[in-house]
Amino acid sequence: MYQSAKRTILLLLVTIMCTGLSAQTILTGKVYDSQSRAPLPGVSVFVKKLQKGVTTDSRGYYIISLPQGKFDIAYSFIGYQKAMKKVSIADKSVKLDVALSVATEQLGEVFVTAKSEARKIREKAMPISVITMDQIKGTVSDVSDVLSKTSGIKIRSSGGVGSASRISVRGLEGKRIGFFIDGAPMNENSDFVNVNDIPVDLIDRIEVYKGIVPAKYGGSAIGGAVNIVLKEYPPHYFDLSYSLRSFNTQQVSAVIKRNNEKKGLEFGLGGFYTYADNNYRMELPLQKGRHVERDHDLYKKFVLGGGLTSTSWYFDEIEFEPVIVFTTKEIQGIEYNIQGAVSYSDAYGLSNKAEKTDFLVKGLDLDMSSLYAYSIYKFQDKAMHKFTWDGEMLPPVHALGGEIGTTPNDSYNQKHTFIQKTNLNYLLNEQNSLNFNSVFNFAKGIPKDTLKDAVIGYKTNFTSRMNSWVAGLAHEYHTLNNKFTNSFTVKYYYYSMKTRIADLFGMGLIDDVNMEKMDFGISNAMRFRFTPSFLVKASVAYDVRLPSENELIGDGFLITPSGNLEPERNRSLNLGFMYDATNLNRNRFQFEVNAFYMELSNMIRFTGGSLQSNYQNFGEMRTLGVEAEVKWDATNFLYLYGNATYQDLRDIREKQPGSAVANPTKGDRMPNIPYLFANSGFELHKENLFGGKGQNVRLYTDCSFVEEYFYDFEQSIYQERRIPRSLTFNSGMEYSFGDRRITLALQANNITDEKVMSEFNRPLPGRNFGLKVRYVWK
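Residue numbering for the sequence shown follows the numbering used here, beginning at 236 and increasing consecutively.
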C-alpha cells in the first residue's frame, strides 16, 4: 500500500515537471565494457538518420528523445570497437543497454578510460582539477606529493610519514576542505583515515573541486573538496606492491578480487600496512645551526577491508564492505625532546552501497550508501621526566607526569559514527536534469581521562552527541550541441550539538551546551564552449560551513572546547578559461587559467594558548588570486607540465574580536599560508626501449618552488618568524615489463637537500629515496 502510494505521488510529480518537455519517446540505456562490465563514460551515441547524438554520463547512462520509427544507433568510444544497433520506436519508452568490446589495437585499456573520464570531469562548469592514474601509477610518492603538484593546492604537514597533514585549496584548509573517498565524506574520521594513508596503487583518479563543492557530495565544505576515486578492478584480479623509503619507511599493499558470473557475485579483499621510524635529522627552529635526530616519531598503520558485491539482487549493484584500522603514532617534540607521549587509534566499520536505475519511475537513478564506525582513540602522556635536546632531565608538567601541555593524559575516547547518504538523479529530458542529495551524520563521543581528572580535581570530559543534515538540490541544463552548460544548486544545513563543558581554570564550573543551528547556501556555475577545444567557465557561490565536532568540543587533551563558535560564511567568484586540444599525432596540449575572489566571514582559526589551544572565530578574511596550468605532450614520448599560483589572503577585520579596539593587523597578509608557489616537470616514456614486447620505461623530474612567507602576522621588517623560500627537485624512473604485470620504480626526493619547513616552522625531511616493486595479475 505504502509503496503504491509513493509510486503514484512520484509519477504525479514527474508528470507535472515533464509537461511540455517530453513530446517524443525516450530511448535510454547503459554502455559498459563487455568483459569487466564496468560502465563507460563519454561514449558517443549517435542517430545517423536524425544527425543528433549524446554522450554517456559518469556512470555510463544515456538518454535521447526520438520520434516514432526505426533507427540505426551508433555507439563509439576511443579504444573500443564501434557498435551499431537497430531500434524500433513506438509510443513507449525503450531501454537499450550496449556492451562494447576492446579494440585489438589500443594504448592500454585503463589508460584510455581514465583519460576520457578525466577530461569529461575537467570540462564541468565549476573549477576543477583532475589527476588521472597515469600520472600517479608506479610512483613511490604518496598522495600529498601528487596533490602538491597541482595548481592552487598545498599539503601542510608537520613531519614525516603519518604526521598530521591538512589540505589547502586556494589558501583555505582544514575542515573547510571536504575530504571524500568515492564520494563518502571522511572529514569527521580524519583521526583514522589520513589523505596519505591511501596507497597510490589503489587510486584511479583524484578530483579537486575549487570554490564550489557539488551538491552530490554533501557536507559543509566551502573552500573546495578532494575526492579520491578508488579503482574498479576487473572480475579476476590480484595486485601486490612493496615500497621501501628512507627513514625505514615501508609499505605493503595487496588487493585480490574474484567473480562468480553465474551468481552475479564478486568477492574482494584488500589492505595495506605502513611502518616508518621517521628518524630524520632536523635543524631546531629556535636554535639555528643546531641539528638533532628525531627519535620518537614512529608510525604504524594497518588497514584491512573486504567486499561483497551482487548484481543479481533487486539493485543493479549492491555492496557490503567491512573494514578495520589500527594506528600507532609516537609524538615528536620540537621545543623539547619528547620521549613518552604516544597515541593509538582503532576503528571498525561497515559500509553499504546500493545503485538502482529507473528507481520507482523511469529516468530516476538512486545511489545510496551508509557507514557505521566504532572507534577508540587513546592518548598517553604520563612520563615522569622531560628532556631537553641536550639530554638535560627536567621535571614533568605535573607531579603526576606529562611532557605536553599543562597536565598529564591517559585518555580513552570512544566514538560511534553513522553516515547515511542518498542521491537521486532524475533526467527530465535531453537538456535538463535534477539531482537531490542528502547526507545525515550522527556522532556520539564518549571521552574518558581519569588521570587528567585527578590532576584538575573534577571531571573535565563529557559525552557529546552531534547530528547534522545537509540537503542539496541541483538543476543542470545544457544545450543540445553541448556548447552551454549551467548548474544551479541550493543547499540546506542543519546542525545540533549536545554536551557539557568544564572550566579548566580551577573553578570547577560546568556549562551545558545544547546548540541547534541551521543555514543555507546557494551557487551557480556555467560553462560556454566557443570551439571544441576552447571553453570559458564562471561560477559564484554564497555558502556556509558549520563548525565540526572537533572544533566545538576539542579532543579531550590538547584542544579545549569552543562551544560558542559561529558558522563560517564564504562568498566566492571564479572566472577562467581552458584550451584543450589533441592534434593528429594524438599529442595533447592543455592550458587553463582561473582568477578567483573569496570573502570569508566568522573565519574559524586554530589558535595557540598558554594552557591549551582552541578554535576561535577570527573575523573576516579576503582572498584575491590567480592560477595557471599548462600540460603538453610535446612528442609521443615527452610530456611537459607547469603551474603557478598566487593567492593574496588579507585580514580585513575592522576591530579586534570582542572589543572596540582597532585591529592593528588590518590589511596584513594572513600568516602561515603560502601566497606564491609553482610546480613544473617533464616525463620521458617509451615502450620497448630495450627491445622485446610488453615493456615500458618512464623517466620523470619534478620541481617545486614556494616563496618565503610569515607564520605569524608581520609586525616588523626585522621579524624572524618566517618560513624560508624553498626550491626542491624530485626525480625517478619506472620500468614495467610482462605487459605491465611487473613494475620496478626508484625515486629521489629533495635531491639538493634543500631546507624545507612546513606550518609553524616545523622541519620536514631533507634528501630521501624510495624503491617500489609491484606485481599485477588479471
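A virtual CB, placed ideally from N, CA and C, is assigned to each residue, including glycine.
By alpha-carbon positions, which one of the options ends up nearest to residue i?
i, options, result
"Leu580", "Ile559, Ser586, Asp436 and Tyr612", "Per the sequence shown, the amino acid found at residue 580 is Ser instead of Leu. With distances taken between Cα atoms, Ser580 lies closest to Tyr612."
"Tyr510", "Ala618, Met992, Leu479 and Arg762", "Leu479"
"Phe671", "Gly636, Ala913 and Asp600", "Asp600"
"Asn644", "Arg391, Ile691 and Val443", "Ile691"
"Glu994", "Ser797, Ile908 and Lys1007", "Ile908"
"Ala816", "Val779, Ser768 and Phe763", "Ser768"
"Ser610", "Thr623, Pro420, Thr562 and His620", "Thr562"
"Ile412", "Lys384, Pro449, Phe614 and Val435", "Pro449"
"Phe677", "Leu663, Asn702, Phe912 and Ser894", "Asn702"
"Asn648", "Met619, Ser605, Asn785 and Phe312", "Asn785"
"Tyr472", "Phe502, Ile463, Asn483 and Lys497", "Phe502"
"Phe622", "Asn587, Gly295 and Ala576", "Ala576"
According to the neighbour-count rule (16 or more other Cβ atoms, all chains shown, within 10 Å of its Cβ), is residue i buried or exposed?
i, result
"Ile757", "exposed"
"Gln238", "Low local confidence applies: a pLDDT of 41 at Gln238 is under 50, so the model's placement there is unreliable, and no value is given."
"Lys445", "buried"
"Asp625", "exposed"
"Leu521", "exposed"
"Gln303", "exposed"
"Arg997", "buried"
"Val596", "exposed"
"Gly499", "exposed"
"Ser481", "buried"
"Leu1006", "exposed"
"Arg1009", "buried"
"Ile745", "exposed"
"His713", "buried"
"Arg525", "exposed"
"Asp268", "buried"
"Tyr728", "buried"
"Met628", "exposed"
"Arg516", "exposed"
"Leu715", "exposed"
With respect to the alpha helix (DSSP H) encompassing residue i, which residues constitute its N-terminal and C-terminal limits?
i, result
"Asp688", "Thr685 to Ile691"
"Asp380", "Val378 to Leu382"
Can you pull the DSSP bridge partners for residue i?
i, result
"Pro998", "Met992"
"Gly707", "Asn672 and Lys726"
"Ala399", "Its beta-bridge partners do not exist; DSSP assigns none."
"Asp616", "Asn644"
"Val289", "Val280"
"Phe812", "Val771 and Val828"
"Ser605", "Asn587 and Gln655"
"Ala419", "Ile416"
"Ile839", "Asn852"
"Phe1004", "Ala983"
"Ser323", "Lys305"
"Ile390", "Ile402"
"Tyr296", "Lys265"
Taking the beta strand (DSSP E) that residue i falls in, what are its first and last residues?
i, result
"Leu859", "Asn849 to Asp868"
"Met656", "Reading off the sequence shown, one finds Lys at residue 656, where the question assumed Met. It spans Asn644 to Leu662 - the beta strand (DSSP E) in which Lys656 sits, taken as one unbroken run."
"Phe765", "Phe765 -> no beta strand (DSSP E), and no H or E assigned at all."
"Pro932", "Reading off the sequence shown, one finds Val at residue 932, where the question assumed Pro. Counting along the chain, the beta strand (DSSP E) containing Val932 begins and ends at Asn931 to Val941."
"Ala897", "Counting along the chain, Ala897 falls outside any beta strand (DSSP E), and DSSP gives it neither H nor E."
"Asn196", "No answer is possible for residue 196: the residues shown for the chain start at 236 and end at 1013."
"Ile553", "Glu552 to Glu565"
"Gln982", "Ile977 to Asn984"
"Ala309", "Gly304 to Ser311"
"His633", "Premise fails: His633 is in no beta strand (DSSP E) and is neither H nor E."
"Asp474", "Tyr472 to Arg480"
"Tyr876", "Leu873 to Asp886"
"Asn429", "No beta strand (DSSP E) contains Asn429, which DSSP labels as neither H nor E."
"Leu465", "Gly459 to Leu465"
"Asn965", "Ser961 to Phe972"
"Gly542", "Tyr534 to Ser545"
"Ser915", "Leu911 to Glu922"
The ligand HEM heavy atoms versus the CB of residue i: any closer than 7 angstroms?
i, result
"Val378", "Looking at this structure, you won't find the ligand HEM or any other ligand, since it has none at all."
Pairing CB atoms from the stretch 567-577 with CB atoms from the stretch 522-541, are three or more of them under 8 angstroms?
yes
Under 8 angstroms, with one C-beta from each stretch per pair, do the stretch 890-904 and the stretch 923-934 reach the 3-pair mark?
no
Can we say the stretch 535-555 touches the stretch 498-510, given the rule of at least three CB pairs closer than 8 angstroms?
The answer is yes - the stretch 498-510 touches the stretch 535-555, with three or more Cβ pairs under 8 angstroms.
Validate contact between the stretch 773-781 and the stretch 453-467 using beta carbons, cut 8 angstroms, 3 pairs:
Counting C-beta pairs closer than 8 angstroms gives three or more between the stretch 773-781 and the stretch 453-467, which meets the contact rule.
Is there contact between the stretch 583-597 and the stretch 395-411, where contact requires at least three CB pairs shorter than 8 angstroms?
no
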